[in-house]
Each structure stands twice: as structure tokens, then as C-alpha cells.
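The working numbering numbers the first residue of the sequence shown as 32 and each following residue consecutively.
For every residue, glycine included, the Cβ atom is placed at its ideal position computed from N, Cα and C.
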Amino acid sequence: MPAQFPDRFTPVSKPAAGSLPPGRRFPSTIAIDGPAASGKTTLALLLARQLGYLFFDTGVMYRAITWAALNSHVDVDDEPTVCTLAEQTQIDVRPASKPDERINDILVNHQDVTWDIRTKEVEANVSVVAAYPGVRKALGEAQRKVGLRGRIVMVGRDIGTVILPEAELKIYLDASPEERAHRRYKELVERGQQANYEELLAAVLKRDEIDSNRAVSPLRPAKDARVLVSDGKSIDQVLAEALVWVFEGV
Ligand code: DC
32 MPAQFPDRFT PVSKPAAGSL PPGRRFPSTI AIDGPAASGK TTLALLLARQ
82 LGYLFFDTGV MYRAITWAAL NSHVDVDDEP TVCTLAEQTQ IDVRPASKPD
132 ERINDILVNH QDVTWDIRTK EVEANVSVVA AYPGVRKALG EAQRKVGLRG
182 RIVMVGRDIG TVILPEAELK IYLDASPEER AHRRYKELVE RGQQANYEEL
232 LAAVLKRDEI DSNRAVSPLR PAKDARVLVS DGKSIDQVLA EALVWVFEGV
């Protein structure tokens with residue numbers, strides 16, 4: 032599913048250094064975690080744009096390995112083989128090279144898979160792949176290296192808890208399963224695709240269940256995360272709430 036850059040939203044004026052309390056600076060590492068379809072990508076893109084930071088969605092890496100497994104006919108239930116694949120696969124995230132609503136180019140061993148990782152088949156298998164400790168280790172190390180460079184908004188499930196526990200601002204973006212299924216439904220219908228609300232709700236609940244109950248790095252807010260519940264809020268409201276925390280500085 033293409034995450035769209037939300038140009039239609041009202042831009043908020045660029046924060047001026049003078050608007051920070053004296054002696055403070057903007058957080059350099061911002062972690063945004065939360066369940067599927069809670070609006071993490073939209074919020075992260077807006078924050079990254081406001082601050083001139085790098086945007087990094089770690090979910091694409093789990094999707095890329097899932098695609099690589101399916102593409103090479105590896106059984107996703109074959110944990111050792113999937114973990115070896117994760118260690119050996121080269122994933123590149125680059126600036127978008129085509130004006131087709133992509134946020135980045137996603138390359139697997141130099142092949143452009145930007146849209147292939149958004150198929151239903153990948154979506155149905157990615158939670159299983161993301162639960163393997165060997166996969167998480169291989170991808171997590173790469174993610175941490177990128178995160179440590181700073182001036183970054185990182186999106187995922189375990190950024191604030193595991194990948195970058197020292198992140199200077201941690202936001203846990205939540206929404207009820209019904210709200211999230213409803214948003215997915217609207218997105219699909221607006222794009223002229225077929226959608227069934229009950230099926231979407233079931234898929235959201237299933238992914239929540241796997242992501243929250245896995246043994247390694249389960250989805251949960253970090254102890255020091257700011258929890259933002261987006262039910263019934265527009266993206267502008269969500270962004271405004273997040274910017275209050277950014278403007279507090281560190
Ligand atoms: O955010 P997304 O839907 O693109 O994530 C795809 C899958 O990867 C989803 O099952 C959760 C998992 N994931 C994860 O376990 N840890 C992350 N840091 C990012 C995503």
C-alpha cells in the first residue's frame with residue numbers, strides 16, 4: 032500500500048530556533064512506534080519535513096525480506112532459511128527516483144521492489160518473518176547504525192524500546208482497531224480499489240496479535256514514550272500535538 036506524502040495537509044510554519052526554551056535544542060533522534068495503520072508514516076514524514084530530518088520507515092526492511100523469501104520460493108515458516116536470507120540480502124533505501132507517489136526507492140539486491148513489498152501476499156506473511164529473532168538481529172543492527180547518525184525520524188514497532196532506546200523523543204502513536212480499519216478502507220476506496228471493512232478489521236487485529244505477542248521486541252510503548260491516540264483526530268491535530276513535544280526541546 033503506497034504511503035502517500037500528505038501534501039494536501041496544511042503546512043505548519045517551520046519551527047524557528049528562537050521558539051525553543053533557552054539552552055535547549057530540537058530532539059535529534061525521534062522514534063515513532065505504534066500498531067499498523069495508526070498513521071505513523073504520515074506523522075513521521077511531516078515531522079521530518081518540518082525539521083529537515085531524514086525519514087526512515089524500518090517496516091520496509093521486514094517487507095523486503097518477506098518479498099525476497101516469497102520471490103525465491105523459500106517457505107516463510109522455515110525460520111533458519113529465512114534468517115540466513117536476512118543476513119545475506121542487501122536492502123537499499125534511496126531517494127525516490129520516480130514520480131509515482133513512492134516515498135523512497137526500496138532495492139533488494141539492486142532490484143527495485145518499492146511496490147512489490149506492498150502486495151497482499153507480503154502483507155499476509157510479514158508478521159511471521161518479523162517475529163524471527165535472527166531476522167530482527169540482522170535488520171536491527173543496520174537500523175541502529177542509521178539511527179545513530181541523528182537528525183532522523185524513525186518509524187517502526189520497537190524503535191523506542193530496542194533499536195534506539197536513547198532516542199531523544201519517543202512517540203507511541205495509537206488508534207483503535209476500528210479506526211485503523213476504517214482508515215485503510217477509506218484509502219482503498221479513494222484509490223478505486225475493492226475493500227471490505229470486516230476483512231480489513233480482521234487483518235488489523237491479526238497483525239496486532241502477532242506484533243504484540245512475539246517473544247522478541249514485541250510492540251509496546253517505551254516507558255518514556257509520549258502516547259498519542261489519534262482516534263477522531265485530523266492529521267493536523269496529531270501533528271500539532273507532536274510538535275508541542277518537539278518544541279519542548281531537549
Ligand atoms: O509498518 P509496516 O506495516 O510496514 O510493517 C511491516 C511489518 O513489519 C509488521 O508486521 C510489523 C513489522 N515491523 C516490526 O516488527 N518492527 C519494526 N521496527 C517495523 C515493522
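Enclosing beta strand (DSSP E) for residue i [first to last residue]
| i | result |
| --- | --- |
| Ile122 | Ile122 to Pro126 |
| Asp88 | Leu85 to Asp88 |
Rounded separation between residue i and residue j - CA only
| i | j | result |
| --- | --- | --- |
| Phe87 | Glu221 | 26 Å |
| Glu209 | Leu116 | 35 Å |
| Val139 | Asn102 | 11 Å |
| Arg251 | Gly191 | 9 Å |
| Asp255 | Glu197 | 10 Å |
| Val275 | Pro111 | 45 Å |
| Gly280 | Arg125 | 29 Å |
| Val144 | Asp123 | 10 Å |
| Ala245 | Arg188 | For the record, residue 245 in the displayed sequence is Arg; it is not Ala. So the two alpha carbons sit approximately 12 Å from each other. |
| Gln119 | Ala169 | 9 Å |
| Leu200 | Ala253 | 11 Å |
| Ala67 | Ala162 | 15 Å |
| Ser265 | Arg55 | 29 Å |
| Pro130 | Trp146 | 13 Å |
| Asp267 | Arg214 | 16 Å |
| His104 | Val153 | 13 Å |
| Thr150 | Lys176 | 28 Å |
| Gly263 | Asp109 | 41 Å |
Same chain, Cβ closer than 7 Å to residue i, five either side skipped, listed in chain order
| i | result |
| --- | --- |
| Ala212 | Tyr228, Leu231, Leu232 and Val235 |
| Val160 | Tyr93, Ile96, Thr97, Ala100, Val107, Val113 and Val166 |
| Ala127 | Arg133, Ile134, Asn135 and Asp136 |
| Leu204 | Ile63, Gly65, Ser69, Gly70, Lys71, Leu74, Leu259 and Ser261 |
| Ser158 | Arg238, Ile241 and Asp242 |
| Gly181 | Ser59 and Thr60 |
| Lys178 | Residue 178 is actually Gly in this sequence, not Lys. These residues qualify, in order along the chain: Thr60, Met185, Ile194 and Leu195. |
| Val91 | Val124, Ile137 and Ile148 |
Per DSSP, the bridge partner or partners of residue i
| i | result |
| --- | --- |
| Ala62 | Met185 and Lys201 |
| Leu259 | Leu204 |
| Gln142 | Val139 |
Sequence-distant residues of its chain with Cβ nearer than 6 Å to residue i (five each side left out)
| i | result |
| --- | --- |
| Gly223 | none |
| Gln121 | Asn140 |
| Val247 | Pro164 and Arg167 |
| Leu51 | Gly280 |
| Pro249 | Ser243 |
| Ala79 | Phe86 and Val184 |
Supposed close pair residue i, residue j - CB separation, criterion 8 Å
| i | j | result |
| --- | --- | --- |
| Arg77 | Leu270 | Inspection of the sequence shows that residue 77 is occupied by Leu rather than by Arg. Leu77 to Leu270, Cβ: 5 Å. Contact. |
| Val258 | Pro58 | Val258 to Pro58, Cβ: 17 Å. No contact. |
| Gly171 | Ile194 | 6 Å |
| Val186 | Tyr84 | Going by Cβ atoms, the distance from Val186 to Tyr84 rounds to 12 Å, so no, they are not a contact pair. |
| Ala273 | Ile202 | 6 Å |
| Gln142 | Thr89 | The pair is not a contact, with the Cβ atoms about 20 Å apart (cut-off 8 Å). |
| Tyr216 | Ala226 | 5 Å |
Start-to-end residues for the alpha helix (DSSP H) that takes in residue i
| i | result |
| --- | --- |
| Val139 | No alpha helix (DSSP H) contains Val139, which is instead part of the beta strand (DSSP E) from Asn135 to Val139. |
| Leu351 | Beyond the ends of the chain as shown, which are 32 and 281, falls residue 351; an answer cannot be given. |
| Val269 | Ile266 to Glu279 |
| Glu118 | Glu110 to Gln119 |
| Ala238 | A quick correction: the sequence has Arg, not Ala, at residue 238. Start and end: Tyr228 to Asn244. |
| Pro164 | Pro164 to Leu179 |
| Lys151 | Lys151 to Ala161 |
Below-8 Å beta-carbon distance, residue i vs any chain B residue
| i | result |
| --- | --- |
| Val184 | Annotation note: the requested chain B is absent from the structure, which comprises a single protein chain. |
8 Å Cβ shell around residue i - same chain, five flanking residues per side excluded
| i | result |
| --- | --- |
| Pro53 | none |
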